[in-house]
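S.K.: There's a structure below that I have some questions on.
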Amino acid sequence: MENLREASNKLKLLSTNQKNKALVEIRNAIIENTEEILEANMQDLEAGVHLKMKGSLLDRLTLTHKRLNALAESIDDVIDLKDPVGVYLSGQTMPNGMQIVRRSVPMGVIAIIYEARPNVTIDATILAIKSGNAILLRGSSSALNSNIALVKAIKQGLAKSDVPVDAVMLIEDNDRDVVKQIITANEYIDLVIPRGGAELINMVVENATVPTIETGVGNCHLYVDKDANLGMALDLLQNGKLQRPSVCNALETLLLHKDVADSFLHKMYFKLRGCLEFRGCERTAKIIDVTIATDEDYATEFLDYVIAIKIVDDIDEAIKHIQKYSSNHSECIVTDNLTSANKFVDSIDSSCVYINASTRFTDGGEFGFGAEMGISTQKMQVRGPVGLEHLVSYKYIITGTGQIRE
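So this is what it looks like as structure tokens:
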């Protein structure tokens, strides 16, 4: 880890052009090594199948030509973003003539601990470099071959730039004790970001001595109000649940106002019964065929083709349900009633609250951040997608003419 610290000290002095040149070389190296990366990814996928990994989790693990091309495009997006380092955030001249300015600076060394999503290897690296930070990557064993191939390409690119090759480090040791060493390595690490399931996130948050950005699991809700456009609501449900059920911004619970429940459930059941497993309340069971939902179902991030359903008497009951079970990630109300929309937005304390739009948009790329480190559900430092501008701190620079304090 000493090499990371030394690399970060060099990286923070580089210009925007030097950092962007490094990102260009990384992009080129990924494209040049596509077949090697996909071959390594296939090894991970074959191991996942052998271990009977769920299909939704295999989807998270999968890299394809299309997904690698999308990652290359995201690098271009980050290149085009304004450099967050060296920005003068505020300034003032004191009565004694001293000038005080606040300027953005890199964090230093960032560690990200994540599960079976090799795309995070690229996202985290490019955001770290553009923001002037060295990055320590600790992925999961299920994506090890993919991550090794990706980091090899990254370092190949860095070798053609002014960014030190040691600014990116992959931990290949899968021993859990290594994670504990990382999250307590205050001498070498300035920030830790856990990204994965509840078990991983809770372990890091509870044991870290290094400052941590808590990214949250996604128990996301869709509430269909009595004044909703039901066709729109069905489209949002289908997109939010079925497009990629394995991601944290996918829907997990459907809440229905009693006045529209019968009509909506019949439409939904006719269209999605072959695609989803339905777990619903007793009122839902009187309308369509479902497994009776439990409290555990309403509290679960399924990451699978499963949806929990509850019929509520009014918006207040829907809000109470979300306040009880939400992970504070992303929630949506479908309604044409502005009063209901405003009440929902004001009452729901999640990082992202939607009115008539899919929760699948909770994503750094979709928010114009180029990429993301994860979705923060905490209230300190940053909430929502953690993008480039969130990976800097600041320092005060005071310029005087010999002033002394009396």
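For the sequence shown, position 380 matches number 395 in my numbering, and the numbering has no gaps at all. C-beta: ideal position from N, C-alpha, C; glycine also.
Tell me whether the region 323-337 and the region 254-272 touch, counting them as touching only if at least three CB pairs, one residue from each stretch, are closer than 8 Å.
M.R.: Verdict: yes, contact present.
S.K.: Assuming His236 is part of the beta strand (DSSP E), what are its boundary residues?
M.R.: Start and end: Cys235 to Val239.
S.K.: Can you check which of these residues, Gly295, Tyr313 and Ala314, is closest to Thr306 by C-alpha distance?
M.R.: Looking at the Cα atoms, Gly295 is the closest of the given residues.
S.K.: Does DSSP classify Phe317 as helix, strand or coil?
M.R.: Phe317: coil per DSSP, three-state reduction.
S.K.: Classify Tyr284 as helix, strand or coil using the three-state DSSP reduction.
M.R.: Correct three-state label for Tyr284: helix.
S.K.: If you draw a straight line from the C-alpha of Leu60 to the C-alpha of Leu78, how long is it?
M.R.: Spanning the two alpha carbons is a distance of roughly 9 Å.
S.K.: For Lys394, is the classification buried or exposed, using 16 other Cβ atoms within 10 angstroms of its Cβ as the cut-off for buried?
M.R.: Exposed: under 16 other Cβ atoms inside 10 Å.
S.K.: Checking 8 Å against the spacing of the C-beta atoms, do Ala131 and Ser157 come in under that value?
M.R.: Yes.
S.K.: Using the Cα positions of Ile216 and Arg420, report the straight-line distance between them to the nearest angstrom.
M.R.: Cα-Cα distance, rounded: 46 Å.
S.K.: Does the Cβ-Cβ distance between Tyr129 and Arg210 come in under 8 Å?
M.R.: The answer is yes: Cβ separation under 8 Å.
S.K.: As a quick exercise: from Ser342, Leu287 and Gly106, pick the residue whose alpha carbon is nearest that of Ser366.
M.R.: Minimum Cα distance to Ser366 is reached at Ser342.
S.K.: Which residues in the same chain have their Cβ closer than 6 Å to the Cβ of Glu229, if we skip the five residues on either side of it in sequence?
M.R.: Within the same chain, Glu229 has close Cβ partners Val220 and Gln393.
S.K.: On the three-state DSSP scale, how would you describe Ile186?
M.R.: In this structure, Ile186 counts as coil in the three-state DSSP scheme.
S.K.: Any idea if Tyr369 is buried or exposed, counting beta-carbon neighbours within 10 angstroms, 16 or more meaning buried?
M.R.: So Tyr369 ends up on the buried side.
S.K.: Which ranges does the beta strand (DSSP E) cover as unbroken runs of at least 3 residues, wholly within the region 77-140, from first to last along the chain?
M.R.: The region 77-140 contains these whole beta strand (DSSP E) runs: 103-108, 114-121 and 124-129.
S.K.: Return the residue from the list Asp304, Phe279 and Ala62 that minimises the CA-CA distance to Asp247.
M.R.: Per the sequence shown, the amino acid found at residue 247 is Met instead of Asp. The candidate whose alpha carbon is nearest that of Met247 is Phe279.
S.K.: Considering just the uninterrupted stretch of the beta strand (DSSP E) at Lys398, what are its terminal residues?
M.R.: Going by the sequence as given, residue 398 is Arg instead of Lys. Run containing Arg398: none; DSSP gives neither H nor E here.
S.K.: Identify whether Leu151 lies in helix, strand or coil by the three-state DSSP scheme.
M.R.: Strand at Leu151.
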